[in-house]
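Protein chains in written order, with the numbering used here: chain A, 175 to 376; chain V, 470 to 720.
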């Protein structure tokens with residue numbers, strides 16, 4: 175059971191740092207669509223590097239355990255989060271932004287009061303993907319001593335203990351499924367809330 | 470008092486062969502309802518978007534009640550100017566009441582004042598507050614939405630109101646009604662309105678003065694009667710002919 179909570183801890187911490195970092199990056203990317211495309215492209219390349227290779231690459235720099243595992247997981251999440259956050263923010267109708275700017279909303283007011291609420295379904299979808307992806311990749315972090323459910327899976331593999339492998343897998347699936355269901359509900363709720371967007375009447 | 474003054478304003482957009490505004494100078498007295506008429510691409514929208522600094526001129530100066538608008542923070546300047554656009558741009562995730570109260574909330578009015586003024590604005594644009602306050606923009610017709618756009622722009626009682634083809638996407642019957650209401654609101658408020666349109670009948674009906682533009686230049690700036698009686702040049706005369714207004718004093 176301790177491995178389960180260890181795993182939850184890794185996912186939770188990674189997510190917290192990932193969202194904070196992605197939000198800051200997105201704030202700057204709002205200035206330019208070009209910079210957004212380039213940034214998303216760079217992170218998509220990073221996302222395609224196998225996790226084991228990236229762990230191995232960073233161990234000499236950051237050492238074994240969580241110190242390497244969490245930065246790598248955060249790095250992977252940036253692609254999922256930034257892509258979804260920016261899609262949501264950029265899809266807000268230009269005329270709405272023009273009206274807001276024209277009536278005297280500052281850039282910060284426009285982002286927090288208009289763009290973010292309207293982008294919420296897309297933002298939550300990004301977070302949902304990030305949780306699922308982190309839950310999976312974090313198991314591989316056990317190979318560099320970061321703990322979590324990967325530990326059970328690895329020792330199960332080493333000792334040919336099917337029981338352990340199945341348990342480890344089930345617990346992983348529980349985390350991912352719980353996150354999926356919860357955030358899907360939240361996503362639907364925010365969608366309903368901004369659904370008025372989609373059905374104009376004339 | 471001169472509400473808005475342009476002095477030798479020039480603006481040319483990148484990738485454009487000719488200037489959107491070509492050395493434009495004119496003044497608008499406080500309380501006037503100036504309609505700005507021209508075909509698309511003539512620079513009329515560029516002109517009013519410079520007043521609230523959505524665009525900056527390449528050269529020349531713009532004054533608002535005698536003060537150069539460059540000397541003020543753009544965001545602060547915009548809060549004193551009402552702005553209504555053709556696409557309306559209501560915030561779809563906010564109720565009608567929240568939409569109208571956008572600027573008062575930013576200006577931190579107290580709640581009582583916001584509620585009272587929101588109701589007053591809804592009545593001003595002929596919508597029953599109790600019926601509409603809690604609805605969302607998409608539950609309203611196009612004409613009703615633009616009434617909210619107008620209420621949102623008027624709530625902080627701006628001394629200048631900019632309207633960029635506000636009724637351009639509204640059906641003929643409702644446009645007529647909205648025009649009459651806007652005219653009545655202007656007459657009661659004595660504020661300065663600048664209204665962009667490409668509809669000559671609308672320009673002549675609403676304006677106390679009309680600016681006719683073509684290719685970044687002002688061709689004529691005069692009261693509607695004078696434009697009909699004495700078109701400044703052939704372009705204006707032809708424009709009147711297309712609307713079959715020549716000789717008839719009333720639009």
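C-beta: ideal position from N, C-alpha, C; glycine also.
Residue 252(A) and residue 574(V) have their C-alpha atoms spaced approximately 34 Å apart. A residue is called buried once 16 or more other Cβ atoms fall within 10 Å of its Cβ, and residue 671(V) is buried on that count.
Taking 8 Å as the threshold, the shortest C-beta distance from residue 234(A) to chain V does not fall below it. Taking the CA atoms as reference points, residue 181(A) sits about 12 Å from residue 305(A). It is roughly 11 Å from the alpha-carbon of residue 335(A) to the alpha-carbon of residue 342(A). The continuous beta strand (DSSP E) containing residue 492(V) extends over residues 490 to 498. Counting C-beta pairs closer than 8 Å gives fewer than three between the stretch 574 to 590 of chain V and the stretch 643 to 663 of chain V, which falls short of the contact rule. Distance check between residue 624(V) and each of 637(V), 569(V) and 651(V) places 569(V) closest, using alpha-carbon atoms only. Residue pairing by DSSP puts residue 633(V) in a beta bridge opposite 554(V) and 665(V). With respect to the 8 Å criterion, residue 685(V) and residue 491(V) are classified as neighbours on the basis of their beta carbons.
Ranking 704(V), 485(V), 683(V) and 529(V) by CA distance to the CA of residue 508(V) puts 683(V) first.
Secondary structure at residue 680(V): strand, using DSSP grouped into helix, strand and coil.
Taking every protein chain shown into account, the CB of residue 325(A) has 16 or more other CB atoms within 10 angstroms, so this residue is buried.
Taking one beta carbon from each stretch, the stretch 547 to 555 of chain V and the stretch 632 to 650 of chain V have 3 or more pairs nearer than 8 Å; the two touch.
The beta carbon of residue 538(V) is closer than 8 Å to those of 520, 522, 531, 532 and 546 in its chain, skipping five residues each way along the sequence.
Rounded to whole angstroms, residue 706(V) and residue 534(V) show a C-alpha spacing of 33 Å.
Residue 313(A) places its beta carbon less than 8 Å from that of residue 322(A). Taking C-beta atoms as the reference points, residue 548(V) and residue 572(V) count as a pair closer than 8 Å. In this structure, the CA atom of residue 318(A) is about 9 Å from the CA atom of residue 237(A). Using a Cβ-Cβ cut-off of 8 Å, residue 245(A) does not count as an interface residue toward chain V, since no Cβ of chain V sits closer than that to its own. At a beta-carbon threshold of 7 Å, none of the residues of chain V lie near residue 190(A); the nearest stands roughly 26 Å away.
Between the stretch 638 to 649 of chain V and the stretch 479 to 493 of chain V there are fewer than three C-beta pairs closer than 8 Å, too few to call the two in contact. With a minimum length of 4 residues, the unbroken runs of alpha helix (DSSP H) contained wholly in the stretch 576 to 616 of chain V fall at 580 to 593 and 598 to 601. Partner residues in a beta bridge of residue 642(V), as assigned by DSSP, do not exist. Straight-line spacing of the CA atoms in residue 475(V) and residue 207(A) works out to 33 Å. Going by beta carbons, residue 664(V) and residue 505(V) fall inside the 8 Å limit. Of the other Cβ atoms in all chains shown, fewer than 16 fall within 10 Å of the Cβ of residue 496(V); this residue is therefore exposed.
Residue pairing for residue 528(V): DSSP places it in a beta bridge opposite 479(V). Counting C-beta pairs with one atom in each stretch, the stretch 215 to 228 of chain A and the stretch 276 to 286 of chain A have fewer than three that are closer than 8 Å, which means they do not touch. Secondary structure of residue 362(A) (DSSP, three-state): helix. About 13 Å separates the beta carbons of residue 279(A) and residue 622(V), which is beyond the 8 Å limit, so they are not a contact pair. Contacts with chain A at 8 Å (Cβ-Cβ) include residue 560(V).
For residue 552(V), at least one C-beta of chain A is nearer than 8 Å to its own C-beta. At a cut-off of 8 Å between beta carbons, residue 273(A) contacts chain V. At the C-beta level, residue 266(A) and residue 188(A) stay beyond 8 Å of one another. Interface flag for residue 280(A) against chain V is set, since a Cβ pair is found closer than 8 Å.
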